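Undergrad: Residue numbers 1 to 252, in the working numbering, belong to the letters of the sequence shown in order. Positions of the beta carbon are idealized from the N, C-alpha and C atoms, including for glycine. These numbers come from a predicted model, not from an experiment.
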Amino acid sequence: MLTERFHQAPLKISKTFELSPGGELLVYMMDASPGILDGDRYEIQMHLGEGTQVYLTNQSYTKVHPTPKESSAMVQTFTLERGSMLEYFPEPLIPYADSKFRSDTVFHLSEDAVVMYGDIVTPGRIHHGEQFLYERLDSHMEAYRDGKLIAWDHFHLKPRDHRFRTLGALEHYTHAGALWIFAPGVNEEILRELRAHFPAEGLLIGASLTAEQGLLVRMLGTQVWKLQETMQTLAGLCRKLLLDKEPHRIRR
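As structure tokens, this is what we get:
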């Protein structure tokens, strides 16, 4: 159960739901504003007690509005005690034209805690002709197990300055996604099984193990739904292989 909560406008924690009797808790984060505005700084902190199982998501895409004066930011910190599990799959990020945005996401895991985290970035409001018209996108992710750094990632793109269409960068792709799995039992066999379920077409996708008890699947595509579908398929496979749990069917 959710024992403590605090939220301040425009963010709100909605009513929670049990995904199964006595099992995982579904938590929705809601934003009452039209999106992240000029100079906004969102701070999200979550502490999972021993044995807690949480599926965390939000109600809609994260929209980053133009920032003519000051960059906007989001700082997320998650602490997981022994035997706890967090599945965090927010809706994709949409950086509007002339926006500057930085995000910092940090996971602190104890012993056998499990994290599954998916992140998708779009090029902007495509149907408004705003593809890669944002000023800067700066995303950081760190994961620690028992105080030891086990993964670090930095995605930084300034479309007006960087040659991101070149070979080895985004090339012709427009959407980027990353799926992180931190769990005891992650090994080469799990990695091979995931690779066997990669889609045959539509995405540029690859996966590798992290330094310790983790893996990363990175994907590029041109359709957001394809990245979402693939990410949920692979996350569901990890639930089955690592935890012997069936995939979720989350409705919004």
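Along the alpha helix (DSSP H) that carries Gln45, what are the first and last residues, could you check?
TA: In the sequence shown, residue 45 corresponds to position 45, counting from 1. That residue, Gln45, is in no alpha helix (DSSP H); its beta strand (DSSP E) goes 41-48.
Undergrad: With distances taken Cα to Cα, identify the nearest neighbour of Val186 among Val114, Glu4, Lys226, Pro199.
TA: Working through the sequence shown from its first residue, we reach residue 186 at position 186. Taking only the C-alpha atoms, the option nearest Val186 is Val114.
Undergrad: Considering just the uninterrupted stretch of the beta strand (DSSP E) at Ala235, what are its terminal residues?
TA: Position 235 of the sequence shown, counted from the start, is the residue given in the question as residue 235. Annotation: Ala235 is outside any beta strand (DSSP E); the continuous alpha helix (DSSP H) that includes it extends over 224-243.
Undergrad: Using a Cβ-Cβ cutoff of less than 6 Å, which residues in the same chain neighbour Gly118 once the five nearest sequence positions on both sides are dropped?
TA: Mapped onto the sequence shown, residue 118 falls at position 118. These residues qualify, in order along the chain: Phe89, Leu179, Met231.
Undergrad: How big is the Cα-Cα spacing for Gly202 and Leu234?
TA: Residue numbering aside, residue 202 sits at position 202 when the sequence shown is read from its first letter. Residue numbering aside, residue 234 sits at position 234 when the sequence shown is read from its first letter. Answer to the nearest angstrom: the Cα atoms are 15 Å apart.
Undergrad: For Ser110 and Leu86, which I take to be in contact (beta-carbon distance under 8 Å), what is that distance rounded to the nearest angstrom?
TA: Indexing the sequence shown from 1 puts residue 110 at position 110. Indexing the sequence shown from 1 puts residue 86 at position 86. Not a contact, Cβ separation roughly 12 Å.
Undergrad: Using 8 Å as the Cβ pair cut-off and three pairs as the minimum, do the segment 191-199 and the segment 158-167 touch?
TA: no
Undergrad: If you draw a straight line from the alpha carbon of Phe6 to that of His172, how long is it in whole angstroms?
TA: For this step, residue 6 is matched to residue 6 along the sequence shown. For this step, residue 172 is matched to residue 172 along the sequence shown. The alpha-carbon atoms of Phe6 and His172 are separated by roughly 43 Å.
Undergrad: Ends of the beta strand (DSSP E) at Glu142?
TA: Position 142 of the sequence shown, counting from 1, holds the residue named residue 142. Per DSSP, Glu142 belongs to the beta strand (DSSP E) from 136-145.
Undergrad: Would you kindly report the start and end of the unbroken beta strand (DSSP E) that includes Ala178?
TA: Taking the first residue of the sequence shown as position 1, residue 178 is located at position 178. Run containing Ala178: 175-182, per the beta strand (DSSP E) assignment.
Undergrad: In terms of alpha-carbon separation, which member of Thr77, Ala32, Leu216, Leu241 lies closest to Tyr61?
TA: Within the sequence shown, the letter at position 61 stands for residue 61. Nearest C-alpha to Tyr61: Ala32.
Undergrad: Taking its Cβ as the centre, do 16 or more other Cβ atoms sit within 10 Å of Phe182, making it buried, or is it exposed?
TA: Here residue 182 refers to the residue found at position 182 of the sequence shown. Buried: at least 16 other Cβ atoms inside 10 Å.
Undergrad: Provide the residue span of the alpha helix (DSSP H) that contains Glu193, from first to last.
TA: As a first step, residue 193 must be located in the sequence shown, where it is residue number 193. Per DSSP, Glu193 belongs to the alpha helix (DSSP H) from 188-196.
Undergrad: Among the residues of its own chain, which have a CB less than 8 Å from the CB of Leu25, if the five just before and after it don't count?
TA: Working through the sequence shown from its first residue, we reach residue 25 at position 25. For Leu25, where only same-chain residues beyond five positions count, the Cβ hits under 8 Å are Met1, Leu2, Thr16, Phe17, Glu18, Leu19, Thr52, Gln53, Val54, Tyr55.
Undergrad: My output table needs one value for His154: the three-state DSSP class, helix, strand or coil.
TA: As a working note, residue 154 is residue 154 in the sequence shown. Three-state DSSP puts His154 in a strand.
Undergrad: Quick one: give me the first and last residue of the beta strand (DSSP E) that Pro95 is part of.
TA: For the purposes of this step, residue 95 is taken as residue 95 along the sequence shown, with counting starting at 1. Unbroken beta strand (DSSP E) run through Pro95: 93-95.
Undergrad: Mind checking which residues open and close the beta strand (DSSP E) that includes Glu87?
TA: Here residue 87 is taken as the residue at index 87 of the sequence shown, counted from 1. Residues 85-88.
Undergrad: So, are the CB atoms of Met30 and Leu11 less than 9 Å apart?
TA: As a working note, residue 30 is residue 30 in the sequence shown. As a working note, residue 11 is residue 11 in the sequence shown. Going by C-beta atoms, Met30 is nearer than 9 Å to Leu11.
Undergrad: Output the distance between the C-alpha atoms of Met116 and Arg239, rounded to the nearest integer angstrom.
TA: Position 116 of the sequence shown, counting from 1, holds the residue named residue 116. Position 239 of the sequence shown, counting from 1, holds the residue named residue 239. Met116 and Arg239: Cα-Cα distance of roughly 9 Å.
Undergrad: Are Ala73 and Phe101 closer than 9 Å when you measure CB to CB?
TA: Mapped onto the sequence shown, residue 73 falls at position 73. Mapped onto the sequence shown, residue 101 falls at position 101. Going by C-beta atoms, Ala73 is nearer than 9 Å to Phe101.
Undergrad: Could you name the residues of the same chain whose beta carbon sits closer than 6 Å to that of Val75, not counting the 5 residues immediately before and after it, in chain order?
TA: Taking the first residue of the sequence shown as position 1, residue 75 is located at position 75. Only Glu43, Asp104 meet the Cβ criterion.
Undergrad: For Ile36, which three-state DSSP category applies?
TA: Counting from one through the sequence shown, the residue named residue 36 turns up at place 36. Three-state DSSP puts Ile36 in a strand.
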